[in-house]
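Student: When the letters of the sequence shown are read in order and numbered with this note's numbering, they come out as residues 11 to 128. All C-beta atoms, glycine included, are put in the ideal place defined by N, C-alpha and C.
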Amino acid sequence: MGDWVHIDAQASRPPFDQLRTQIIDAIRDGRLPPGTRLPTVRELAAQLGLAVNTVARAYRELESAGLVETRGRFGTFVAGTDPADAAMTSAANTYVAAAKALGIDKERALRYVEAAFT
């Protein structure tokens, strides 16, 4: 994996976000098909010269979005879901949680979504 992942220490985006984005791109374009086992956090951190916590954060965010799944001691694998579906489900859940926290009901929340598409 380290051959196509490139972290730019001078970039404005933090390294965990660069890594996360490159893994998403690789899942979308088929370089990382469903079921692919990713390197361990420690292995990838060593390959890329990153802190273990940096790689762990990228993996956690990918898992929260449904793009990868951790199978305990067996490792982290690319999930079998479509990346767009996983990303939109995660975004929808975040939006609904925010709406509920503000006391906005479903009908009103959907109006905001409709308005955003116009």
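Beta-carbon separation of phenylalanine 84 and threonine 46 under 8 Å?
Tutor: Not closer than 8 Å, so no.
Student: With which residues is arginine 47 paired in a DSSP beta bridge?
Tutor: Paired residues: Phe87.
Student: At a cut-off of 7 Å, is tyrosine 122 close to the ligand PLP when judged by its beta-carbon and the heavy atoms of the ligand?
Tutor: The model on display carries no ligand, and the ligand PLP is accordingly not part of it.
Student: Taking proline 49 as the reference, give the member of Lys116, Leu120, Gly59, Met11 with the closest Cα.
Tutor: Of the candidates Lys116, Leu120, Gly59, Met11, the one whose C-alpha sits nearest the C-alpha of proline 49 is Met11.
Student: Smallest Cα separation from glutamate 71: which of Thr31, Val106, Ile114, Leu58?
Tutor: The candidate whose alpha carbon is nearest that of glutamate 71 is Thr31.
Student: Mapping the DSSP letters down to three states, classify threonine 128 as helix, strand or coil.
Tutor: Coil at threonine 128, not helix or strand.
Student: Hey, would you say leucine 60 sits closer than 8 Å to isoleucine 114, going by beta carbons?
Tutor: Cβ distance not < 8 Å, so leucine 60 and isoleucine 114 don't count as in contact.
Student: Considering just the uninterrupted stretch of the alpha helix (DSSP H) at valine 65, what are its terminal residues?
Tutor: Here the alpha helix (DSSP H) through valine 65 covers 62 to 74.
Student: In whole angstroms, what is the alpha-carbon distance linking arginine 121 and phenylalanine 127?
Tutor: Near 10 Å, if we compare the C-alpha coordinates of phenylalanine 127 and arginine 121.
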